[in-house]
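Since the structure comes first, as structure tokens, the remarks are kept for the end.
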Amino acid sequence: MNVDYLVVGSGITGATIARILADAGRQVLVVDRRSHLGGNVHDYAHQSGIRIHTYGPHYFRTSSEVVWKFVNKFASFYPYEAILKTYVDNCYENWPIAASYIRRMIGDNWIPDFKGTPSNFEEASLSIMPRLIYEKFVKEYTEKQWGVPATRLSHSLAKRFDVREDDEPRLKTNKYQGIPYEGYANFMNNLLQSIPIIMNFDYLRHKKFNYRR
Ligand SMILES: Cc1cc2nc3c(=O)[nH]c(=O)nc-3n(C[C@H](O)[C@H](O)[C@H](O)COP(=O)(O)OP(=O)(O)OC[C@H]3O[C@@H](n4cnc5c(N)ncnc54)[C@H](O)[C@@H]3O)c2cc1C
Numbered sequence: 085m086n087v088d089y090l091v092v093g094s095g096i097t098g099a100t101i102a103r104i105l106a107d108a109g110r111q112v113l114v115v116d117r118r119s120h121l122g123g124n125v126h127d128y129a130h131q132s133g134i135r136i137h138t139y140g141p142h143y144f145r146t147s148s149e150v151v152w153k154f155v156n157k158f159a160s161f162y163p164y165e166a167i168l169k170t171y172v173d174n175c176y177e178n179w180p181i182a183a184s185y186i187r188r189m190i191g192d193n194w195i196p197d198f199k200g201t202p203s204n205f206e207e208a209s210l211s212i213m214p215r216l217i218y219e220k221f222v223k224e225y226t227e228k229q230w231g232v233p234a235t236r237l238s239h240s241l242a243k244r245f246d247v248r249e250d251d252e253p254r255l256k257t258n259k260y261q262g263i264p265y266e267g268y269a270n271f272m273n274n275l276l277q278s279i280p281i282i283m284n285f286d287y288l289r290h291k292k293f294n295y296r297r
């Protein structure tokens with residue numbers, strides 16, 4: 085098989101790389117071990133008409149003009165901005181945590197519980213919030229999700245949340261946020277239009293296959 089580039093994975097990363105290479109005149113082959121395109125953003129229309137996101141809900145967000153223009157060549161997006169709530173002490177509270185909530189619970193002069201350079205997830209969380217808040221909002225779901233004590237998780241995982249000084253309720257504040265009108269599956273199909281793809285193909289099992297010219 086004559087290809088310039090073999091792209092492993094038809095998720096949004098692989099598909100974007102494949103599209104850019106193909107548009108630059110390169111021979112590209114995409115392989116994916118799954119039976120459908122799109123990786124984790126894959127979706128399908130249920131017979132009820134409701135679109136199901138196979139691997140959990142996804143919406144697209146970026147603050148980059150370039151990225152937004154690029155994806156809009158392959159799909160139209162309806163505006164969507166997620167607001168998440170955490171059920172704590174019989175109430176729905178903002179997630180990420182609102183600083184006003186911490187003030188209500190602990191007082192105006194609250195300070196984080198950890199000082200210094202965090203070496204694990206728990207310390208990183210406590211470097212931005214008091215322990216009481218960490219235990220109510222973060223500790224248990226994190227340990228349930230990962231199946232290990234929070235002290236054994238990387239400090240970098242705590243980068244995915246913050247304490248919102250301005251009580252901003254949106255999960256993400258990117259300039260552009262939306263969901264493809266026709267679904268992610270169509271978006272990914274358009275992105276990979278006319279690029280050869282082999283599905284149900286695990287690269288690690290076929291490493292010795294000769295892809296080169
Ligand atoms: C529940 C959930 C919700 C999420 N929500 C959002 C969201 O709202 N917005 C957002 O931006 N991100 C979200 N994410 C993250 C999101 O899934 C990723 O940003 C995005 O889908 C990653 O795309 P990717 O192409 O890098 O990886 P993937 O989508 O994982 O694609 C990788 C592909 O490579 C294939 N592959 C892997 N190994 C091989 C191999 N050896 N041989 C062949 N093929 C292989 C896989 O089958 C897969 O199709 C969410 C993730 C989860 C789990």
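If you read the sequence shown in our numbering, its first letter stands for residue 85, the second for the next number, and so on.
Even for Gly, the Cβ is constructed at its ideal location relative to N, Cα and C.
Everything numeric in this text was worked out from a predicted model, so none of it was measured.
For this session: Helix, strand or coil for E207, going by three-state DSSP, please let me know.
Result: Of the three classes helix, strand and coil, the one that applies to E207 here is helix, per DSSP.
Problem set entry | Every unbroken alpha helix (DSSP H) within the region 93-146, with a cutoff of 4 residues, ordered by chain | 96-107
For this session: Could you tell me which of I282, I181, I263 and N284 sits nearest to D250, measuring between CA atoms?
Result: I181
Exercise. Hey, is H142 close to ligand 3, as in C-beta under 7 Å from one of its heavy atoms?
Worked result: This structure lacks ligand 3; the ligands present are ligand 1.
For this session: Indicate the three-state DSSP secondary structure (helix, strand or coil) for L276 in the structure shown.
Result: If DSSP states are grouped into helix, strand and coil, L276 belongs with coil.
Exercise. At what residues does the alpha helix (DSSP H) containing I190 begin and finish?
Worked result: A183 to I190
Exercise. Cβ of V115 within 7 Å of any heavy atom in ligand 1?
Worked result: yes
Problem set entry | Where D127 falls, given that 16 or more other Cβ within 10 Å makes a residue buried | buried
Exercise. How long is the line joining the alpha carbons of S184 and D246, rounded to whole angstroms?
Worked result: If I take the Cα positions, the gap works out to 13 Å.
Exercise. Is N178 helix, strand or coil when you go by DSSP?
Worked result: strand
For this session: Just the C-alpha distance for S160 and P264, rounded to the nearest angstrom, thanks.
Result: 6 Å
Exercise. Does ligand 1 have even one heavy atom less than 7 Å from the beta-carbon of Y287?
Worked result: Y287: yes, Cβ under 7 Å from ligand 1.
Exercise. What span of residues does the beta strand (DSSP E) with K157 cover, start to end?
Worked result: Looking at the DSSP string, K157 is not in any beta strand (DSSP E), and its letter there is neither H nor E.
For this session: Please list, in chain order, all residues of the same chain as R289 whose beta carbon is under 7 Å from its beta carbon, the five residues on each side excluded.
Result: none
Exercise. Whose C-alpha, out of Y218, S147 and E219, is nearest the C-alpha of K256?
Worked result: S147
Problem set entry | Cβ-based burial, G122 [other Cβ within 10 Å; buried from 16] | buried
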